[in-house]
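*Asks:* The numbers in the working numbering rise by one with no breaks, and the one at position 305 of the first sequence is 456.
By construction, the Cβ of each residue, glycine as well, lies at the ideal position given by its N, Cα and C atoms.
Just so it is clear, the structure is predicted and the values come from calculations on it, not from any experiment.
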Amino acid sequence: MKFPSDDYEHYVPPAKPSKEFPDDFGFVLVDSMEDFIRILKDNKDVDYVAWDLETTGLNPEENSIVALALAFHNKNNKVGYCVPINFNKGPSLHYDALALFYKFLRKYKKRSLLYNARFDMRFMEIYGFDMDKISVYDVMLGIWLADTNVKFPSLSASARHFLGWEMQEYDSVLGDDYNLWYVAPKEVTFYAGSDALATLHLAKHSFRYLKEAKLAGKIDNRILYPLMKFEDDPLRIDVKYLGGLLDEYTNRQSELEKEIHIMAGYDFNINSSRQLVEVMMQLGLNTGKYTKTGQMQTSLPVLEKLEGQNNHPFLEKLMEYKRINKSLGSYIKPLTQYAKESKQYCESTGDGYLRFAYHNTVAPTGRFACGSEDKNSYFSKINKQSIPKPSERIWYVAPTDEPSEEVSLNEHNIEGYKFSTERISEDAVEAFSPEANVRRGFIPYDDFYWVSVDFSKQELLIPTNITQEPIWKTAFKEGKDLHSETALKIFGEVDKHKRALAKTCNFGLAYGMSHHTLAERFDMPVNEAEKFVEDFKGTLKELFSWMERHKRKAKREGVVYTSFGRPRRLKYYFEHESPQVRAFGYRSAVNSVIQGTGADIMKMALVKLWDNLLNVDEYRDDVRFASMVHDEANFYVRKSKLLEILPKIIDCMELKFPQWELPMEVDVEIGNSWGFCFPFDFKDGVLTPKLED
DNA sequence: AAATGGGGCGCC
DNA sequence: AAAGGGCGCCCCATTT
152 MKFPSDDYEH YVPPAKPSKE FPDDFGFVLV DSMEDFIRIL KDNKDVDYVA
202 WDLETTGLNP EENSIVALAL AFHNKNNKVG YCVPINFNKG PSLHYDALAL
252 FYKFLRKYKK RSLLYNARFD MRFMEIYGFD MDKISVYDVM LGIWLADTNV
302 KFPSLSASAR HFLGWEMQEY DSVLGDDYNL WYVAPKEVTF YAGSDALATL
352 HLAKHSFRYL KEAKLAGKID NRILYPLMKF EDDPLRIDVK YLGGLLDEYT
402 NRQSELEKEI HIMAGYDFNI NSSRQLVEVM MQLGLNTGKY TKTGQMQTSL
452 PVLEKLEGQN NHPFLEKLME YKRINKSLGS YIKPLTQYAK ESKQYCESTG
502 DGYLRFAYHN TVAPTGRFAC GSEDKNSYFS KINKQSIPKP SERIWYVAPT
552 DEPSEEVSLN EHNIEGYKFS TERISEDAVE AFSPEANVRR GFIPYDDFYW
602 VSVDFSKQEL LIPTNITQEP IWKTAFKEGK DLHSETALKI FGEVDKHKRA
652 LAKTCNFGLA YGMSHHTLAE RFDMPVNEAE KFVEDFKGTL KELFSWMERH
702 KRKAKREGVV YTSFGRPRRL KYYFEHESPQ VRAFGYRSAV NSVIQGTGAD
752 IMKMALVKLW DNLLNVDEYR DDVRFASMVH DEANFYVRKS KLLEILPKII
802 DCMELKFPQW ELPMEVDVEI GNSWGFCFPF DFKDGVLTPK LED
C-alpha cells in the first residue's frame, strides 16, 4: 500500500477558491531602470520582500536569469512586479537591475521571502551575489511543516490549497517557445508577478507552522545556505577505477546469464519477474510467497529462504546475478557515465566530478532525501545515500614509516599504520573488503584523507534519552554492548543467538515490528516469538511504558513531535477506516520521534560544523564537507592538518542537550577513499586503530 | 515516445 | 486482516 494514499486529506483544510485573485491584484512590468529605482525607493521601509527568479531552465551552470519577480509586504500587498533581466525581445534591464536589487536587500536589511530558496540563491550566487549576507526565509519550509506527509509542496499546489488561488501554468506561458527567453516580457508579467505574490501571501500561513516547529523549524531554515553549498561542491570520482569495476562486473554478469540460461534450457530475460517465475516453475522451484497481484515472489530474501530447503544450483547463480545486476545498473554504470559526462572530467587523470541533490521537504520525519532533480543535469541521477557497502573483512594492522597512501586495494597506509589483508600482525580491525567496492570510487583531493564520522548507535541512544529506560541507560553509561545486556536481562545468559534476537528486537521496536516478522526472520514458531516479545517488553519496562503513553497521546492529539519540535501529523491515519492504515499510524507515531529526532540532531551538527569550521577562512583550505548519509558525515581533510581538524569535527558533532543525560557520541573512520576507511580511536590528541576485541 | 505502477533492492 | 520506519532508482509491463 502507498502512504499517504491518493485520497489523502491535508492536515490543513483547503481554502475556498478565491474570487479576489487575480482581479483585485496589480501586475506591473518594470520596463526602465528609472521606474525600478523609484519602486525600490517607495518600498525602502517594508520589512519583507518576496521575490522569485524566472530562468531559462533549472541548471545554474547552463541556464540564465530572464526575470526577477517581486512583491513587497506593504499596505496593500497586492502588486506583483516583473523586472525583465534578459529577454530575446522587449525591454531588458540586465545585470544592473539585479545588482541594484541586491544592494537594496543589503542596505536596507530586507528579509527575503523565497519559495524553494536554494534554487534562487544558487542562481544569484552564480551571478556573483553573496547570499550568505542576505536574510532569507524559505516559505516552502513552513508550508511543508504544516503537513510533512505531503512531499515537496509546489508553489502552485500550495497557493491553491492555502489561498484558493489558481496559478497560471508554466506551459501556458511558454506556449510553443523553447524557453522563457523567447517569450515577450509582457506575457511573463502575470506569471512572474503572481509567483512573488503567492510567496508573499503564503508567508503568513508558513510562519505559523514554522513557529510551531520550534527549534526544528529554525534549523530547517538555518541550514539552507550551507546545504546549498554542500550540493554545489562536486565530489571527486575515480573514473578509471570504476571503469575497471564496470568491465569486471559486466563480464561476470554475462557469464552468469549464460549459466542461468543453460539451466533453464532456453534464453530469457532474467530481469523480467514474469519470465523468471515461468522458468522457476519449470525447475520446480517455488518460493511459496506471493505478491499482492498474485505473482510468485522472486526477491532475494525469499530466494535465500528457499535455498535453505532446496539446494538447487539455479538459486545460487540467480542470487549472484541479481546482486551484480543491481550494483551495475544502479551504481557502477551511472556513476561512471555521469562522471565522464561531467564538465570537469579529465581523461588523463580519470577524475570525474559529480554533484548530489539533497531534498529537505520530502521525508516526513525530517530526514534529507537524496536524488536527482527532474531534468536537471546539474545533479547526478544517483541516490548518494544508497551507494552499496561492500562486505566486511578483517584487516591486519602494524605501525609503518611509509607515507599515507593507498598502496594497493589490499594495502593502505594511514597515519603511521599499515592496514593489510595479509596477516602482518596480531592486531586487526574490521573494514570493507576490497571486492566489489563501489565506494572506492569516491576519492578525496590529493593530500587529503576521506574522513567519515558517524553518530554512535544513534537510533538506540535517542530512545534511551527520551524514555530513561534504565537497562539501556546503564549499558550506555558503562560502555557495555547494548544488545548483549538486553539479552542478559531477558534470558539471564547470553550467546550468539540470544544476542541476535535481542538486537533484532532492539532495532525492530523503533519500527513497530511484530512477533510474526520476528518468527519469520529467525525461523521459529510464532508462539515462541510471541513469548520472546512479551519477555522483551517485560524487561524494558520503562521503554514500553513510554511507548504506550506516547501512542495514546498521539491518538488523542493527532500529531507527534520530535524532541526538538518537528511535527508529524497522523490524524488522517488514526481515523482511517482501514485497520492497516491505523496500524501504520501507530508505528509512525513511535518511529517519527526516533528517526526525526536523529534528523534534527544531524542538521544541528551540520549547522555547527558550517559555522565553526567549514565556513571559517582559517580552515577553508584544509577541510571540506563531502557528503552525509543520515547519521554519518564525510569530509575531505588535509592530511597534514588532520590532528587539528578532527577534534573540531568531533566537537561539533558530539552535541549535548540539557534535557538529556547521555551526550551524542561519534565513531571515526579515516582512509584514502570512502571504500577504504579504517576505524580509529581518538584520545588525548592521539589516533590509534580501533582494534577488534 | 513518454508516463505510470509494481516489484525489487541499495542505504540508514 | 495484516504483520518493519524512512528514502530513490532500475527494470518490466502496460497505458496513453
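1. Does valine 604 come out as helix, strand or coil in the three-state DSSP assignment?
2. Over what stretch of residues does the beta strand (DSSP E) that includes phenylalanine 776 continue unbroken?
3. How should histidine 666 be labelled, buried or exposed, when 16 other C-beta atoms within 10 angstroms of its C-beta is the threshold for buried?
4. Hey, out of Lys380, Thr618, Phe172, Phe223, whose CA is closest to phenylalanine 270's CA?
5. How about the stretch 743-759 and the stretch 509-519: do they share at least three Cβ pairs that are nearer than 8 Å?
6. If you run the structure through DSSP and keep just helix, strand and coil, what is tryptophan 811?
7. Do you know offhand how far proline 554's Cα is from threonine 655's?
8. For the beta strand (DSSP E) containing leucine 219, list its first residue and its last residue.
9. Spell out a yes or no on whether the stretch 176-184 and the stretch 193-203 are touching, meaning 3 or more CB-CB pairs, one atom from each, closer than 8 Å.
10. At which residues does the beta strand (DSSP E) containing proline 235 begin and terminate?
11. Report the partner residues of tyrosine 830 according to the DSSP bridge assignment.
12. Which same chain residues end up closer than 6 Å to aspartate 646 when comparing Cβ atoms and leaving out the 5 residues on each side of it in sequence?
13. Using alpha carbons as the reference points, say which of Leu191, Asp247, Lys192 lies closest to valine 217.
14. On a CA-only basis, which of Arg387, Pro242, Val163, Phe833 is nearest aspartate 597? Give me that one, please.
15. Along the chain, where does the beta strand (DSSP E) that runs through glutamate 557 open and close?
16. Can the beta-carbon of alanine 651 be found closer than 8 Å to that of threonine 637?
17. Do you know offhand how far arginine 719's Cα is from asparagine 462's?
18. As an exercise, report each continuous alpha helix (DSSP H) stretch of at least 4 residues that is fully enclosed by the stretch 540-626, in chain order.
19. Would you call the stretch 692-706 and the stretch 614-634 touching, i.e. three or more CB-CB distances under 8 Å?
20. May I have a chain-ordered list of the alpha helix (DSSP H) segments no shorter than 4 residues that lie completely inside the stretch 265-290?
21. Hey, could you find the ends of the alpha helix (DSSP H) tyrosine 724 is sitting in?
22. Using only CA atoms, which one of Trp332, Lys569, Arg311, Arg506 lies nearest to lysine 170?
23. Under the DSSP definition of a beta bridge, which residues are partnered with alanine 201?
24. In terms of residues, what are the limits of the beta strand (DSSP E) holding arginine 132?
25. Kindly indicate the opening and closing residues of the beta strand (DSSP E) around glutamate 783.
26. Name, in chain order, the residues that DSSP records as bridge partners for aspartate 502.
27. Comparing C-alpha positions only, which one of Ala166, Phe303, Ala220, Pro168 sits nearest to leucine 191?
28. From valine 741 to tyrosine 662, what distance separates their C-alpha atoms?
29. In terms of alpha-carbon separation, which member of Tyr162, Ala579, Thr442 lies closest to leucine 721?
30. Could you check what DSSP says for arginine 257 in three-state terms: helix, strand or coil?
31. Go through its chain and collect everything with a Cβ distance to tyrosine 547's Cβ below 6 Å, but skip five positions before and after it.
32. Based on the DSSP output, what are the partners of leucine 694 in its beta bridges?
33. Is the separation between the beta-carbon of valine 301 and that of threonine 350 shorter than 8 Å?
34. In this structure, does DSSP put tyrosine 529 in helix, strand or coil?
35. To the nearest angstrom, report how far apart valine 711 and tryptophan 316 are at their CA atoms.
36. Within 10 angstroms of its Cβ, does lysine 261 collect 16 or more other Cβ (buried), or is it exposed?
*Replies:* Judging by the given coordinates:
1. In this structure, DSSP gives valine 604 an extended state, which the three-state scheme calls strand.
2. 774-779
3. Histidine 666 should be labelled buried.
4. For the options Lys380, Thr618, Phe172, Phe223, the alpha carbon positioned closest to that of phenylalanine 270 is the one of Lys380.
5. Touching, yes, given that three or more Cβ pairs across the two stretches are closer than 8 Å.
6. coil
7. 42 Å
8. Element bounds for leucine 219: 216-223.
9. no
10. 230-235
11. Just to set this straight, residue 830 is proline in the shown sequence, not tyrosine. Paired residues: Glu820.
12. none
13. Asp247
14. Arg387
15. 556-559
16. no
17. 47 Å
18. 609-618
19. yes
20. 268-277
21. 722-725
22. Answer by Cα proximity: Arg311.
23. Ala222, Leu264
24. This structure gives no information on residue 132, because the portion of the chain shown stretches from 152 to 844.
25. Unbroken beta strand (DSSP E) run through glutamate 783: 783-789.
26. Asp389, Cys497
27. Ala220
28. Spanning the alpha carbons of valine 741 and tyrosine 662 requires a straight line of approximately 7 Å.
29. Comparing Cα-Cα distances from leucine 721 to each of Tyr162, Ala579, Thr442, the minimum goes to Tyr162.
30. helix
31. Ser571, Arg574, Ile575, Ser576, Ala579
32. Residue pairing of leucine 694 in beta bridges, as defined by DSSP: absent, with no partner found.
33. no
34. The answer is coil: DSSP assigns tyrosine 529 none of H, G, I, E or B.
35. 30 Å
36. buried
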